[in-house]
Amino acid sequence: MTSKLKSIRQTGSLVYNQNLKITQFAKSGRIEDAIRVFEDMLNRNTVTWNSMISAYAKNGRINEARSLFDRMPFKNLVSWNSMIAGYSHNDRVKDAAELFDKMPQRDVFSWTLMMTCYTRNGLLEKARGLFDQLPKKKDPVCWNALISGYAKNRRFGEARRLFDEMPVKDLVSWNSMLAGYTQNGEMRLGLEFFDEMLVKDVVSWNLMIDGYVQVYDLDSALKFFQRVPSPNVVSWVTMLSAYARSGRIVEAKSLFNQMPERNVVAWNAMITGYVQNGQIEEAHQLFTEMPERSSVSWTTMINGFVRVGKLDEARELLEQMPYKNVAAQTAMIFGYVQSMRMDDARLVFENVSCRDVVCWNTMIAGYMQCGRTDEAMYLFQKMPIKDMVSWNTAIAGYAQKGDMNKALRIFKQMGERNTVSWNSLISGYTQNGFYVDALKHFVLMLKEGAKPDWSTYACSIIACGNLAALQIGKQLHHLIVKSGYINDLFVGNALITMYSKCGRILQARQAFNEMVVTDIISWNSLIAGYALNGYGREAIQLFQEMENHGLIPDQVTFVGVLSACSHAGMIDQGLKLFKSMAEDYCIVPIAEHYACMVDLLGRAGRLGEAYSIVKGMPIKANAGIWGAMLGACRIHRNLELGKLAAEKLFEFEPQKASNYVLLSNMHAEAGRWDEVERMRIMIRERGGQKQPGCSWIEVNNQVHAFFADDWTQPKTAETCGTLKSLMAHMRNTGYMSEINTSLFDCG
DNA sequence: ATAGGGTTAG
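Just so we're aligned: 583 in full-length UniProt numbering is position 583 of the first sequence, and the numbers increase by one with no gaps anywhere.
Here it is as structure tokens:
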């Protein structure tokens with residue numbers, strides 16, 4: 001009898017100790033250790049199950065927590081509260097609220113938990129609603145939860161009113177108010193409140209230190225740190241990591257050495273400091289020395305190796321890591337992704353037992369970056385939970401594949417959109433040549449109240465350039481100035497190209513001159529602009545100016561200057577530059593350069609020389625080169641060479657009717673009507689489509705696109721009417737001045 | 001013992 005009692009007592013104390021272990025492991029992030037203890041237990045009580053639920057939830061594994069909750073043999077009030085707390089920690093407001101509504105009975109814990117869940121997610125009115133429903137409000141924790149909620153969300157007035165109303169304030173009430181000020185960077189208010197406090201503890205002091213750190217006032221932070229009556233580990237770590245983060249690694253290390261006691265967080269903070277300072281050796285040294293490592297230590301170290309590109313070292317650590325978590329595995333995947341090592345990334349990814357949304361997104365972005373869009377989209381379809389990043393990546397993915405219909409479908413499917421979503425769609429349209437759609441969605445974006453950023457503006461400006469839509473481009477330019485993105489490099493470069501393509505080289509030059517920073521793309525864009533508009537001499541002059549600025553011309557620069565020479569008929573200059581490009585600048589000519597040369601010589605009637613360049617090139621000729629050849633042959637009526645160029649061109653672009661038409665015209669000019677007939681048959685056989693001429697017009701703030709020979713397009717009577725009166729006007733004046741295509745209400 | 005309010009590390 002005694003022994004039986006003893007054994008029961010022993011079993012009880014074993015369970016007790018094991019329960020404690022679960023909680024402690026969970027607290028230091030060692031969830032796998034906690035799981036092992038739980039699974040090895042022969043006897044479990046309700047506390048065991050509750051502890052394990054909490055353990056899972058605190059480590060982000062909320063679904064496993066829920067599964068345990070559903071499976072446990074007997075639930076008590078704490079089980080329900082633990083599960084709600086779990087949802088709260090993982091910001092799953094809906095699930096928390098559902099449980100809160102369903103639970104058989106509630107205590108003050110349940111109410112407070114639910115309130116905190118709401119305030120953490122900014123739902124202060126809901127939290128307030130619960131607080132007002134509470135039967136008795138004596139519990140200070142409940143008051144503090146709401147005060148803290150208001151304060152953290154910068155609603156200082158409501159927080160203060162509640163604080164003043166509170167019958168019996170405790171130190172946490174004061175610190176909750178204080179935290180509101182310090183965590184929001186309101187250090188003047190914070191200091192005022194701090195001075196009001198009659199009783200302070202180390203948390204109050206730590207809040208002040210951290211507050212100054214957040215506003216980058218390290219001197220004041222240090223002053224407060226030195227005045228703390230009895231600093232604890234948190235005080236030390238706050239100061240230490242502040243120094244470490246701002247690159248003052250010597251001071252950080254000095255604090256680390258002076259600390260009376262170091263916990264794992266202190267070690268981790270110091271390692272992080274070294275990692276962020278690029279001192280990977282020192283970080284690794286500390287990692288080796290530290291007495292106990294948490295999952296954060298491992299993750300930080302792996303991240304550190306990844307950051308300096310030491311992927312093998314990172315991988316070795318990951319293999320050594322006793323219980324691998326998603327964060328560490330994702331860091332590793334990210335490293336491989338950055339180095340385009342997708343197969344290695346995949347291998348790690350396959351081994352992640354509990355993939356989170358970031359992990360999936362990293363893989364998807366990696367496949368996209370490598371152009372493996374199908375694999376990226378397969379993963380997107382397969383992933384269980386998608387966030388905004390996933391959706392935006394998918395839009396970009398389909399856009400990259402050129403499937404704008406699917407991109408648009410994904411865009412419409414998503415519940416919430418941000419600027420990146422719009423940008424992915426608009427840049428997709430631009431990159432795939434659907435410029436009108438790009439602009440249409442830019443307008444939609446404004447209508448829906450989304451805020452364009454530099455990328456939106458750059459893409460839309462590029463679309464305007466390709467449409468030669470000068471008026472819309474100008475209005476966008478105004479918007480850009482107003483928005484402040486005018487100083488952005490990409491936007492500036494886009495403006496140069498837009499004005500160039502619209503034939504406004506002076507405005508392109510002005511946009512260039514007004515840029516705060518320029519890069520080689522700015523110079524290349526302007527040179528290409530001069531070339532496009534026939535200003536050969538100016539393009540060459542700019543080329544020299546660019547060199548004087550210390551910039552080294554690249555392949556694109558030479559495409560610009562060579563085409564400038566050909567457009568301006570500067571043959572000798574062009575030949576000289578082409579020679580110099582290879583000899584002085586060590587640039588291997590690409591197809592575009594050869595096309596320029598063929599064009600240059602061909603226009604000048606030096607068809608033989610042009611053809612020998614084509615024959616002599618080490619690379620295979622493309623459509624651009626044969627197109628230049630054919631164009632030159634047409635001008636100089638060289639039917640022999642023209643036929644050869646055209647035949648080659650038909651192989652590249654069998655559908656393009658204009659090539660057939662060109663050759664057909666040449667035959668016609670030579671009186672070869674049999675050949676003309678043959679061309680006509682070829683066009684019909686190959687299903688060649690004439691690229692329809694397209695333009696657009698603005699009527700009543702709407703852009704209408706219309707196509708040559710297609711009078712089904714303009715739907716409204718107004719459009720037809722407007723077009724008819726325009727044509728009448730054109731006939732009367734002999735030419736058409738710019739149509740004002742005002743799209744936007746600029747105010 | 002396991003669940004609620006104020007401070008530190010990836």
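Here a beta-carbon is modelled for each residue, glycine too, at the ideal position from N, C-alpha and C.
Its chain contains V141, C142, A145 as the residues whose beta carbon lies nearer than 6 Å to that of T112, once the 5 sequence neighbours on both sides are disregarded; these appear in chain order.
When the beta-carbon positions are compared, A531 and S563 come within less than 9 Å of each other.
Annotation for V357: I385, D387 place their beta carbon closer than 6 Å to its own, counting only its chain and skipping 5 residues before and after. By the beta-carbon neighbour count (other beta carbons within 10 angstroms, threshold 16), Q105 is exposed.
A direct Cα-Cα distance of roughly 43 Å separates T288 from N418.
The Cβ atoms of A463 and F442 sit closer than 9 Å to each other. With 16 or more other Cβ atoms from the protein chains shown falling within 10 Å of its own Cβ, P553 counts as buried.
As the crow flies, the alpha-carbon of L189 is around 37 Å from that of I480. Residue burial annotation: V352 is buried, with at least 16 other C-beta atoms found within 10 angstroms of its C-beta.
Residue environment for P291: exposed (fewer than 16 other C-beta atoms within 10 angstroms of its C-beta). Looking at V491, A528, W298, N487, the one whose alpha-carbon comes closest to that of I505 is A528.
Taking the Cα of H549 as reference, the smallest distance to any Cα among Q573, N533, E538, T518 is reached at T518. Contact check for Y181 against F156 passes: the beta carbons are separated by less than 9 Å. Between C596 and C565, the CB-CB gap stays under 9 Å. In the three-state reduction of the DSSP assignment, F74 falls in the coil class. Between the alpha carbons of V389 and R92 lies a gap of roughly 18 Å. Around the beta carbon of M340, fewer than 16 other beta carbons lie within 10 angstroms, which makes this residue exposed. When DSSP states are grouped into helix, strand and coil, I587 belongs to the coil group. Here DSSP, grouped into helix, strand and coil, assigns F434 to coil.
Between the C-alpha atoms of K324 and L318 there is a straight-line separation of about 7 Å.
Its Cα nearest to that of K310, the residue Q279 stands out among A327, V296, Q279, W49. H667 carries a helical assignment under DSSP once its states are collapsed to helix, strand and coil. In this structure I619 is exposed. Its beta-carbon is surrounded by fewer than 16 other beta-carbon atoms within 10 angstroms. Taking C-beta separations shorter than 7 Å and ignoring five residues to either side along the sequence, the partners of I302 in its chain run A314, L317, L318, A328, A331, M332, following chain order. As summarised for the segment 553-630, the continuous alpha helix (DSSP H) elements at least 4 residues long and confined to that stretch are 555-567, 571-583, 591-603, 607-616, given in chain order. If the five residues before and after N81 are omitted, its C-beta is found closer than 7 Å to the C-beta atoms of F109, S110, L113, all from its own chain and listed in chain order. The three-state secondary structure of Y212, taken from DSSP, is helix.
In this structure, A283 keeps its C-beta atom at 9 Å or more from the C-beta atom of V237.
The beta-carbon distance between E651 and N659, rounded to whole angstroms, is 10 Å. This is too long to meet the 8 Å contact definition.
Rounded to the nearest angstrom, the Cβ distance from N423 to T456 is 5 Å, consistent with a contact under 8 Å.
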